[in-house]
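Using the UniProt record's numbering, the first residue of the sequence shown is number 1, and each one after it goes up by one.
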Amino acid sequence: MVPDLELVFGCGDRPEISKNAYQDSPPPPIFRYCTTSEHFDIPFPDWSFWGWPEVNIQPWHSEQQRIQKASRETPWKRRIPKAFWKGNLFMGNGTRMKLKECSEDVAEISGQDWNKEVRSGFRHSKLSEQCKHRYKIYVEGIGWSVSLKYILACASPVLLVQPQYYEFLARGLLAGKHFWDIPATDDMCRKISSAVEWGNQHPNEAMEIGRQGARFVEEEVSMPHVYDYMLHLLWKYAELLDFEPVIGDHLLELCPEAFLCTAPSKEEPFFRASMVHEPSTTLPCSFMDAVSDQTQWHSQ
């Protein structure tokens, strides 16, 4: 079970505990949605695993099944032989905007107007309808992007523009097996074009990369494994505490009913759909010891 503990969670898009700032003193342990090789922030699963009501994205276990079904309905060889990316072009350090420079012959880049989508009831932003291209592009935004798991689930080879920020699941991804590595350099579009050309000339190898990526998020990033990761992380964190957490008089206990009672009407269905109603009947998975603070995609 979850041990008694106290923690601090940073809800910003970027990590803040720089390794350079704590060379002579221990860093504060801050949990966050993403980190980098230059930061001490501890990666923890983001909110989208339990749904994102504001943009009509269902909890991960439901969304993954919908994407998987759509992927099966459009076999890879029948998909449009191009790369595809859709999102907010204005987020991040300009890398997304550079995608617009890629040739339309090899890449379809679509900017997302969320205000327009809200007015239309999200008719044009269903993730399950974005598996129609042979290749999917991942580009981070201000920090990491929650889109990676959805993109991988399509079973199209992911052309992953090398990120600076990574989420907790990134350590299990291998370049050449689960995705195609694209350097975040000025010749990014040329690399994307080369990847598309190679994949269309080697369909069996390209399809295998897509299958391995989809299998990874289906098996390794299932919700039971997400909860396993959270539990293992909290266990290890609690072992390092040098004090006994005490419930102060000023603290308020929160139960599921408290969230449901205060949830806006549009959010309540997401809370209910992602709720776990009974404890697991199996033991949590076992983890290997960490061997590096780098993600696999940086070291392969």
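Every residue, glycine too, gets a C-beta built ideally from N, C-alpha and C.
For the putative contact between residue i and residue j, defined by C-beta atoms under 8 Å, what is the C-beta separation to the nearest angstrom?
i, j, result
"leucine 169", "valine 221", "5 Å"
"alanine 107", "lysine 82", "6 Å"
"tyrosine 237", "proline 29", "7 Å"
"threonine 35", "proline 53", "That belief does not hold up - the Cβ atoms of threonine 35 and proline 53 are roughly 26 Å apart, past 8 Å."
"leucine 241", "leucine 5", "6 Å"
"tryptophan 114", "valine 196", "With a Cβ gap of about 28 Å, tryptophan 114 and valine 196 do not count as contacting."
"tyrosine 150", "glutamate 63", "7 Å"
Which term fits residue i, buried or exposed, when burial requires 16 or more other beta carbons within 10 angstroms of its beta carbon?
i, result
"arginine 79", "buried"
"arginine 134", "buried"
"valine 246", "exposed"
"phenylalanine 243", "exposed"
"cysteine 131", "buried"
"glutamate 198", "Checking the sequence, you will find tryptophan at residue 198 rather than glutamate. Exposed."
"methionine 275", "exposed"
"aspartate 41", "buried"
"glutamate 278", "exposed"
"leucine 254", "exposed"
"lysine 100", "exposed"
"threonine 281", "exposed"
"phenylalanine 84", "buried"
"serine 145", "buried"
"methionine 188", "buried"
If we call anything under 8 Å between Cβ atoms a contact, is residue i one with residue j?
i, j, result
"tryptophan 76", "glycine 210", "yes"
"leucine 174", "tyrosine 138", "no"
"alanine 263", "glutamine 58", "no"
"methionine 223", "histidine 61", "yes"
"glycine 51", "phenylalanine 259", "no"
"valine 8", "phenylalanine 44", "no"
"serine 128", "alanine 70", "yes"
"valine 2", "leucine 283", "no"
"aspartate 46", "glutamate 167", "yes"
"glutamine 164", "isoleucine 182", "no"
"glutamate 208", "glutamine 68", "no"
"phenylalanine 49", "valine 158", "no"
Measuring straight from C-alpha to C-alpha, what distance separates residue i and residue j?
i, j, result
"glycine 87", "tyrosine 33", "19 Å"
"histidine 298", "arginine 171", "Model confidence at histidine 298 stands at a pLDDT of 45, short of 50, so the residue's coordinates are unreliable; what they give is reported in the following sentence. Computed Cα separation, rounded: 9 Å."
"histidine 124", "lysine 116", "10 Å"
"arginine 66", "cysteine 154", "10 Å"
"histidine 178", "leucine 252", "44 Å"
"serine 193", "serine 156", "15 Å"
"isoleucine 142", "threonine 185", "17 Å"
"tyrosine 229", "serine 147", "19 Å"
"phenylalanine 216", "methionine 97", "29 Å"
"leucine 152", "cysteine 102", "21 Å"
"serine 110", "phenylalanine 122", "15 Å"
"aspartate 13", "asparagine 200", "36 Å"
"alanine 21", "serine 37", "14 Å"
"glutamine 296", "glycine 10", "At glutamine 296 the pLDDT is 49, less than 50, meaning the model places this residue with poor confidence and gives no usable figure here."
"isoleucine 17", "glutamate 140", "20 Å"
"tryptophan 180", "phenylalanine 90", "24 Å"
"threonine 95", "aspartate 249", "48 Å"
"proline 203", "glutamate 267", "42 Å"
"tryptophan 235", "proline 26", "20 Å"
"lysine 19", "asparagine 93", "22 Å"
"aspartate 105", "arginine 190", "12 Å"
"glutamine 112", "glycine 176", "29 Å"
"proline 256", "serine 120", "32 Å"
Q) Which runs of the alpha helix (DSSP H), 4 residues or longer, sit entirely within the segment 117-169? A) Here the runs fully enclosed are 148-153.
Q | Complete runs of the alpha helix (DSSP H) confined to the segment 215-265 [at least 4 residues] | A | Fully contained in the segment 215-265 are the following alpha helix (DSSP H) runs of length 4 or more, in chain order: 223-240 and 256-262.
Q | Ordered list of alpha helix (DSSP H) runs contained in the segment 49-87, each at least 4 residues | A | Within the segment 49-87, the runs of alpha helix (DSSP H) at least 4 residues long that lie entirely inside it are, in chain order, 60-73.
Q: For the segment 167-204, list the beta strand (DSSP E) runs that are entirely contained and at least 3 residues long, ordered along the chain.
A: Counting whole runs of 3 or more residues, the segment 167-204 contains the beta strand (DSSP E) stretches 180-182.
(Q) Threshold first: 4 residues or longer. Then list the alpha helix (DSSP H) segments lying entirely within the segment 87-116, N to C. (A) Listed in chain order, the complete alpha helix (DSSP H) runs (minimum 4 residues) inside the segment 87-116 are 95-98.
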